[in-house]
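A.B. asks: Before we start, here is the structure in question, set down as structure tokens.
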Amino acid sequence: MAVSLWKNYVHQPERDLWHDYEWGNVHWYCCGSPLEARVLLDTVMQAVSPRSARELRKIVSRSDAVWNLPSPPYDADGR
Numbered sequence: 001m002a003v004s005l006w007k008n009y010v011h012q013p014e015r016d017l018w019h020d021y022e023w024g025n026v027h028w029y030c031c032g033s034p035l036e037a038r039v040l041l042d043t044v045m046q047a048v049s050p051r052s053a054r055e056l057r058k059i060v061s062r063s064d065a066v067w068n069l070p071s072p073p074y075d076a077d078g079r
């Protein structure tokens, strides 16, 4: 569940991510916060065996890479 929450969250359009950051997301109250899910994944990676941690880290790092992508440049007209 935590992996899918994080994966789905990082693939949302950037404006949705900013809205969630500024105002929160009421959907999170029933279905879980993807930011809390990511923290949980860190805890799990520390608690499981080294082999399992490597496997989970490999999966999570794909979504982390999307999360850390730079923003695309604005168009010439400022949009």
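Using my numbering, the letters of the sequence shown map in sequence onto residues 1 to 79.
Even glycine gets a Cβ: it sits at the ideal position worked out from N, Cα and C.
Along the chain, where does the alpha helix (DSSP H) containing V39 start, and where does it finish?
C.D. replies: First-last of the alpha helix (DSSP H) with V39: 34-47.
A.B. asks: Using 10 angstroms around the beta-carbon of S61, count the other beta-carbons present and answer buried if the total reaches 16, otherwise exposed.
C.D. replies: With fewer than 16 Cβ atoms within 10 Å of its Cβ, S61 is classed as exposed.
A.B. asks: Taking the CB atoms as reference points, tell me whether L35 and V48 lie closer together than 8 Å.
C.D. replies: Result no, Cβ atoms of L35 and V48 do not sit closer than 8 Å.
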